[in-house]
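Number of protein chains: 2
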Amino acid sequence: MKTTQEILTAAVLEKQQPVPALAQRNEALMRMADCLLEDQEAILAANQQDLHAAVGSVSEVMLDRLLLNEERLAGMAAGLRALVPLPDPVHRILRDTQSEKGLHIQLEQVPFGVVAMIYESRPNVTSDAAGLIIKSGNVGVLRCGREAWQSASVIVRSLQRGLQQAGLHQQRIQLIEDRTRQSSLDLMKAKGSVDLLLPRGGAGLIQAVVQNAEVPVIETGTGICHIFVDDSADLQKAVQIVENAKCSRPSTCNAEEVLLVHQAIAPAFLPLLQKRLVEERRKAGQPPVELRLDEASQKIIPGTPATEEDFHTEFLDYILAVHVVADVEEAIAHIASHSTHHSEAILTQNSRHAELFLNQVDSAAVYVNASTRFTDGGEFGLGCELGISTQKMHARGPMGLDALCTTKWIIHGSGQIR
Amino acid sequence: MKTTQEILTAAVLEKQQPVPALAQRNEALMRMADCLLEDQEAILAANQQDLHAAVGSVSEVMLDRLLLNEERLAGMAAGLRALVPLPDPVHRILRDTQSEKGLHIQLEQVPFGVVAMIYESRPNVTSDAAGLIIKSGNVGVLRCGREAWQSASVIVRSLQRGLQQAGLHQQRIQLIEDRTRQSSLDLMKAKGSVDLLLPRGGAGLIQAVVQNAEVPVIETGTGICHIFVDDSADLQKAVQIVENAKCSRPSTCNAEEVLLVHQAIAPAFLPLLQKRLVEERRKAGQPPVELRLDEASQKIIPGTPATEEDFHTEFLDYILAVHVVADVEEAIAHIASHSTHHSEAILTQNSRHAELFLNQVDSAAVYVNASTRFTDGGEFGLGCELGISTQKMHARGPMGLDALCTTKWIIHGSGQIR
C-alpha cells in the first residue's frame, strides 16, 4: 500500500512539471472516457463487491448512490467527453497593462496545483472530479468513502491508463489507498502539499473538513433553500414551482426545504398547495409531501405541526416546512437567520419586492419566479460543475473550471527599479 | 465601552441595508478626508499620547510606524480622495446569459458584507482600510493594536463624522473598543457575523489569525522574496536591481531577502555586488548591507557565514542571504522550498530560462528583469491596495477593491421549472 505521504509527494513532483498543452489534456479526457468503457466489466464487478459489502450497513438511498450500471458508466464517460469542447481555463490573461515605467504586467489564470477531494460513496464523482482536474491543468488526489473504494480503485486505474495513453503521467490522478480516517486528516493538514481541498458529501463530512483543515477549503453543498410566495404571486405558477423545487429530486442540495408564504395570500395559496403536493400526488402514485406547518398555516390546512428545528433542517426528502410571514421584509429576515446561503426564490409580480429580495438575500443564487432546482453548473452555462460553493470566498454557487484556478502576476521588465 | 458583540450586531444590521449608491459612497470618501484634516490637532494630540505610552516598550522602527505628523495625515486624506475616481466594484455584471428555458442568469459582483481587519500600530491603516471598505460597499469593523488605539479612536470618530455628513450611518466603520486579546479572538470566531477577516501586520499576527480563525481569512504580507541572477544576466543592471530590491525600503514585504546566483556568473557578479551594497553604500553614508553567505560565495567575497535559518527568514532589514546555485532549475527548486510565495525575480537574457522561471515559480508575482519592489496595488494598476495576498484562494498579490467583493447569481424567470 502506498502511504498518503508517498502519494502527496508524487503529486507535488507532478505539479512542478509544466502544465500540459490543451490538446494533450483534451486527448487525455477522450482516452479516459474510452478506458472507462473498455473496463466496464471490471468496474461493474468491483462495484458489486462494494455493494455486497455495504448491504445491511447503509441506507437504501446510500446503496442507490453507490450503485453503478452500464447506463451510469456511460454517463461518466460522456461527462469526461463533454469537458473537451470547453474553453481552456489555463493561461487566460485577465489583466494586461503597460506601466508608466515600461513594465509589462499581466494577471494570468493558472491551475491551483494539487487539488484534493474528500467525498463519499458516489463512484461517478471519481471520474467527474478527475476530468475537471485534468482539464484545468491541476494534479488530483482523491479520497473516496470506504464503501466505494473497490469501485473507485478500478475506476482510477482505468483513468490512469487513459492519462498514459495521452502521454501524461498517471500520478496526475491518484486515489488515496489508506482507507482509515487518518488519511482524511492527513489531507486536511497537508499544508504546502495540498493547494485546495474540496469536501463533497453530507453536512457532517463538510463540517468536519471545514473545522479541521489547515489547507484551503471550499465549503460546498448544504442547502436549506427557501421559496417565498409573495401576496402578488401567480398562484398557479407558484404551486408548480414549489412542487418542482421540492419533488423533482429531493435529495439534491438545490431542492426547496422551507416555504414562506405571505399572510395575505396564505388562505388562498395553502389549500392549493396541500391539494397538489399531498392529495394529487398520492392519487397519482407519487410520494406525497409531508407538510410541517407553523401555527398560522395549521389553521388553514392539515399537516404535521412544525418544530423550530424543522426550519434549520436540510430534509433531502419529501418533507416541506411551511411558515407564514407578514411581508417580504419578514421573509428576508427569516432567510437571513435560517438559510445556508445556497439558493432562495421569491415568487411575485411586484417588481419592488423582487428587487428588494434580490438585493437583500445574501445567498449564492437568488431567483425571481423560478425553481431553485436550476442552481447547477450546466444550467448556469459553466458546462459542468464540481459542487456548489456556499461560501463567499473565491467561488460562489456552481463551481466550474475557473474555480479550480488561481492567478499569478507575470511581470516582464528591462531592468526597472522602483 | 461597547462590547465586541454590540459592535458586531450593529455591523450586521448595517450590512442588511441596501448598498449606498456610488455617488453617496464617493461623497463619503471626500467628507472623510475633509474631517481628518479638520481634526488634525486632535488626531496628532492623540498620537502623541500613544507615542509617549509606547516609548521604551517598543522598538524604534515600531515608534516610527506609530508616528503621525501633518505630512502623514495629509497622505491619509489624499489616499481617501484617490479612491473616488476608481470604477465602482459593486453591481458589476461578470456573466450575463439567457438559458435555453428563458431564464435570465447574471453573475453580479457584490460586497462581502462585514469586513473585519486586525492590524498593528500604523494609524494610516485605519483610514486606508475604512476608505476601501466604504468604496466597495462593505461595512467595516477595525481592531488596531493597543499601541495605536488613542490615535485610531480619534481617527475613526473623525471618519464617522464624514460618513454622517454624506448621509451614511456611522456604524459603517467601527473601531473595536475592547483592547484585550479577547476582542481579536472574538472577531476570529464570529462566524455568521464577519464575512471576511483581514490580518495585516507581522508574521506572528498573521499566523495567529490563520490558525485560530473560524471566519474566512485572507493571508497577507509575509515576503521572503528571491532574486535569481542567471548566467546570462546583464551584470550592471543586476547590481542595480538587487540594490533597489534590498535597500529602497527594506521593511516592506516586497523587499528582497535572498539572492540566488548562477555558479558560472558568481565569480564576476559577487564582487560587483559586494562593492556596491557594502563598500560604496558605506562611503556614501548609506546603511551597508550585511551579506550572509553560503559556502560557495564565501570563497569569492567577504561576509557573514549564512546559517540554514537565514534562508527561511524575512529580515526586513539591511541583510541579504546569498546562495550560489548550479542552474535555473536549482534556483526554482530552492524557491519552491523556501519562498513565502510573495514575489520572485529572474535576471536573465535567456528567454527559455525566463519562461521556465515564470511558469514554474509558484508565487503571487513573478518577474523577469525587474525589482520585486514593484509588487504593489498602485504599481499594478489597481489604484490602491489593502495588503498583498500570499494565498491562492480568492485574491492573489496586491488586493484592490475587487478583493473585497464576492459574487451572487441573480436569476430572473417567468415561472420556469426544471
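In order, the protein sequences belong to chains Y and B. Taking our numbering, the leading residue of the first sequence gets 32, the next gets one more, and so forth. Taking our numbering, the leading residue of the second sequence gets 32, the next gets one more, and so forth. Glycine is no exception: its CB is placed at the ideal position from the N, C-alpha and C atoms. Here the structure is a predicted model, which is why all the values come from computation and not from measurement.
For secondary structure counted as the beta strand (DSSP E) over 3 or more consecutive residues, the region 295-383 of chain Y holds these complete runs in sequence order: 321-324, 350-356 and 374-378. In the DSSP assignment, residue 127 of chain B falls within the beta strand (DSSP E) that extends over 124-129. Pairing residue 333 of chain Y with residue 303 of chain Y, the inter-Cα distance amounts to about 12 Å. Under the Cβ criterion of 8 Å, residue 448 of chain B is counted among the residues facing chain Y.
The beta-carbon separation of residue 297 of chain B and residue 276 of chain B, rounded to 18 Å, does not stay under the 8 Å limit for a contact. Chain Y has a Cβ within less than 8 Å of the Cβ of residue 268 of chain B.
A distance below 7 Å between beta-carbons, with the five flanking residues on each side excluded, links residue 301 of chain B to the following residues of its chain, in chain order: 292, 328, 331 and 332. Residue pairing by DSSP places residue 251 of chain Y opposite Y:420 in a beta bridge. Note that the C-beta distance between residue 388 of chain B and residue 359 of chain B is below 8 Å.
Runs of the alpha helix (DSSP H) spanning 4 or more residues and lying entirely within the region 53-96 of chain Y occur at 53-69 and 71-85, in chain order. Excluding sequence positions up to five before and after residue 42 of chain B, its CB lies within less than 6 Å of the CB of 145, 170 and 172, all in the same chain and listed in chain order.
For residue 428 of chain Y, the residues of chain B that pass the 7 Å Cβ criterion are 440, in the order they occur in the chain.
For residue 275 of chain Y, the neighbours in chain B by C-beta distance under 7 Å run, in chain order, 448 and 449. At a cut-off of 8 Å, the C-beta of residue 435 of chain B has no neighbouring C-beta in chain Y.
If you check each beta-carbon in the region 383-414 of chain B against every beta-carbon of chain Y, the ones closer than 7 Å belong to 389, 390, 391, 393, 395, 396, 397, 398, 399, 400, 401, 402, 404, 405, 410, 411 and 412. Between the beta-carbon of residue 134 of chain Y and that of residue 446 of chain Y there is about 10 Å, and that puts the pair past the 8 Å contact cut.
Against chain Y, the beta carbon of residue 143 of chain B has neighbours under 8 Å at 423, listed in chain order. Between residue 240 of chain Y and residue 248 of chain Y a beta carbon distance of about 6 Å is seen, short of the 8 Å cut, so the two are scored as contacting.
At least one C-beta of chain Y is nearer than 8 Å to the C-beta of residue 444 of chain B. The DSSP-derived three-state label of residue 256 of chain Y is strand. In the three-state DSSP reduction, residue 231 of chain Y falls in the strand class (E or B). Non-local beta-carbon contacts of residue 323 of chain B in its own chain, meaning distances under 6 Å to residues more than five positions away in sequence, involve 335, 337, 341 and 352 in chain order.
Cβ-Cβ distances below 8 Å link residue 435 of chain Y to 120, 142, 143, 146, 163, 164, 167, 169, 227 and 417 in the same chain, with the five nearest sequence neighbours on each side left out; the list follows chain order.
By the CB criterion at 8 Å, residue 117 of chain B and residue 126 of chain B fall outside the cutoff.
For residue 100 of chain Y, there is no enclosing beta strand (DSSP E), as DSSP marks it with neither H nor E. Look at residue 215 of chain Y here: in three-state DSSP terms it is helix. For residue 257 of chain B against residue 382 of chain B, the beta-carbon gap comes to about 20 Å, at or over 8 Å, which does not count as contact. By the Cβ test, the region 71-87 of chain Y is in contact with the region 172-186 of chain Y, since at least three Cβ pairs between them sit closer than 8 Å. Close to chain B, meaning a Cβ-Cβ distance shorter than 8 Å, are the following residues of the region 119-130 of chain Y: 126, 128 and 130. Note on geometry: alpha-carbon atoms of residue 94 of chain B and residue 423 of chain B lie some 33 Å from one another. Residue Y:278 holds the alpha-carbon nearest to the alpha-carbon of residue 448 of chain B among Y:278, Y:442 and Y:354. With its beta carbon at least 8 Å from every one in chain Y, residue 195 of chain B lies outside the interface. Here residue 46 of chain Y is buried, its C-beta having at least 16 other C-beta atoms within 10 Å. Residue range 170-174 is occupied by the beta strand (DSSP E) that includes residue 174 of chain Y. In the assembly as shown, residue 35 of chain Y is a buried residue. Its beta-carbon has 16 or more other beta-carbons within 10 Å. Not one beta carbon of chain Y lies nearer than 8 Å to the beta carbon of residue 262 of chain B.
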